[in-house]
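Notes to accompany the following structure.
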Ligand code: ATP
């Protein structure tokens, strides 16, 4: 298992930076996600790791080895792409064996290792089949086996599930995680799908315009986003402009149009009256049956203006004073517009953005 270190990596196309001084440290055995909107530089960064793209400045290390200028075929990475890139005229076993033949591995060892790689992705039974006889999900498993068979130092995955239908995509998320963990591989995985990142990653980096906005575990990035951009890209949220009102213990209390909200943010250094940008996730609100029961801090009264019933949840648009809020109710009995409701939120779910966000 190797760790990967990326130091001050930049890549320019003409005057614009596809990567702008990126620093990242990926631990041995970690499944690390690069997440961000289209054009933020995810693929460029992955291609720099694979050796298909030469950065203009910066260093990439695999373990202690500086691989920045090492040709792609000597980096010993395994690549998995969204279009699988399998040979249509070869059998499954021939596809998986290809990389080993290139490395001039002996025939008996090839047979054994192809068997092992197919077993790792639970596709032993398909060895002699043609590629066109496999479903999309099965083809992606074979693409994974082909990447694993050469025992790569790290696995690089570029939107590997985006050609699969929604149900298969869910199944393959768990599978990819299992396969990486069982093989003990360090993996770097590119996606713009935040659910995929949240459900599979050990840690992730959120990128925007070639820069890293935040690095952390899925829970840390989701629950404590450092900026509006991250809060908005990873999940849905309500942005509110409050102002610092005082403190409760050593924690900040803010005022939203006169209603007080306790937070878990340390109050020190935030002057009373200064603007405080907040994020409160739709599912962080608790709904009480009627607005009349609501009083005290961390509560609001509102009216459901629009209701969408989705089975396990209901989504509401709620007007509360001059604010319009997105609210998600779990396990709803009914979802109807026109109801007067109370809303409350726990202090730990009132996310205060850092001053420099
Ligand atoms: P997507 O999710 O759409 O694949 P991405 O985050 O992977 O996007 P990149 O493909 O890394 O983004 O592209 C980053 C930026 O670099 C984009 O603005 C893109 O237009 C630009 N870019 C990428 N490759 C080239 C190239 N070969 N020539 C010129 N510009 C490029």
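In the working numbering, the protein residues as written are 36 to 392.
Using N, Cα and C, we set each Cβ at its ideal position, and we do this for glycine too.
Give the DSSP bridge partners of residue i, in chain order.
i           : result
residue 297 : 288
residue 230 : Per DSSP, none; premise fails for residue 230.
residue 68  : 224, 239
residue 331 : Looking at the DSSP assignment, residue 331 forms no beta bridge with any residue, so it has no partner.
residue 77  : None; residue 77 has no bridge partner.
residue 39  : 61, 97
residue 310 : 278
residue 319 : Answer is none; residue 319 lacks a bridge partner.
residue 305 : Per DSSP, none; premise fails for residue 305.
residue 52  : 47
residue 246 : 243
For a quick check, are the C-beta atoms of residue i and residue j less than 8 Å apart?
i           : j           : result
residue 148 : residue 138 : no
residue 181 : residue 111 : no
residue 152 : residue 183 : yes
residue 166 : residue 123 : yes
residue 362 : residue 351 : yes
residue 276 : residue 310 : yes
residue 378 : residue 353 : yes
residue 203 : residue 222 : no
residue 51  : residue 92  : no
residue 66  : residue 218 : no
residue 75  : residue 245 : yes
residue 72  : residue 227 : yes
residue 355 : residue 337 : yes
residue 279 : residue 305 : yes
residue 297 : residue 333 : yes
residue 342 : residue 370 : yes
residue 174 : residue 121 : yes
residue 257 : residue 287 : no
residue 39  : residue 61  : yes
residue 54  : residue 241 : no
Less than 7 Å between the CB of residue i and some heavy atom of the ligand ATP, yes or no?
i           : result
residue 48  : yes
residue 227 : yes
residue 73  : yes
residue 93  : no
residue 64  : no
residue 76  : yes
residue 182 : no
residue 79  : yes
residue 53  : yes
Taking all protein chains shown into account, decide if residue i is buried (16 or more other Cβ within 10 angstroms of its Cβ) or exposed.
i           : result
residue 114 : buried
residue 274 : exposed
residue 238 : buried
residue 307 : exposed
residue 324 : exposed
residue 100 : exposed
residue 106 : exposed
residue 347 : exposed
residue 293 : exposed
residue 118 : exposed
residue 207 : buried
residue 2   : The question about residue 2 has no answer, for the chain in this structure spans 36 to 392.
residue 389 : exposed
residue 316 : buried
residue 216 : exposed
residue 230 : exposed
Discussion item. Which complete alpha helix (DSSP H) runs does the stretch 88–137 hold, if anything under 4 residues is left out?
Written reply: 127–137
Practice prompt. Could you pull out every unbroken alpha helix (DSSP H) segment of at least 4 residues lying fully inside the stretch 195–221, listed in chain order?
Written response: Contiguous alpha helix (DSSP H) elements confined to the stretch 195–221 occur at 201–218, taking only those with 4 or more residues.
Fill in: alpha helix (DSSP H) runs wholly inside the stretch 132–195, at least 4 long, in chain order
142–155, 171–183
Discussion item. Quick check for students: name the residue ranges of the alpha helix (DSSP H) that lie wholly in the stretch 248–291, counting only runs of 4 or more.
Written reply: Taking only runs of at least 4 residues, the alpha helix (DSSP H) segments lying wholly in the stretch 248–291 are 253–258, 263–268.
Worksheet entry | Runs of beta strand (DSSP E) wholly within the stretch 332–357 (minimum 3 residues, chain order) | Restricted to the stretch 332–357, the beta strand (DSSP E) segments that are unbroken, complete and at least 3 residues in length are 334–344, 348–355, listed in chain order.
Discussion item. If we require 3 or more residues per run, which beta strand (DSSP E) segments fall completely within the stretch 360–388?
Written reply: 375–379
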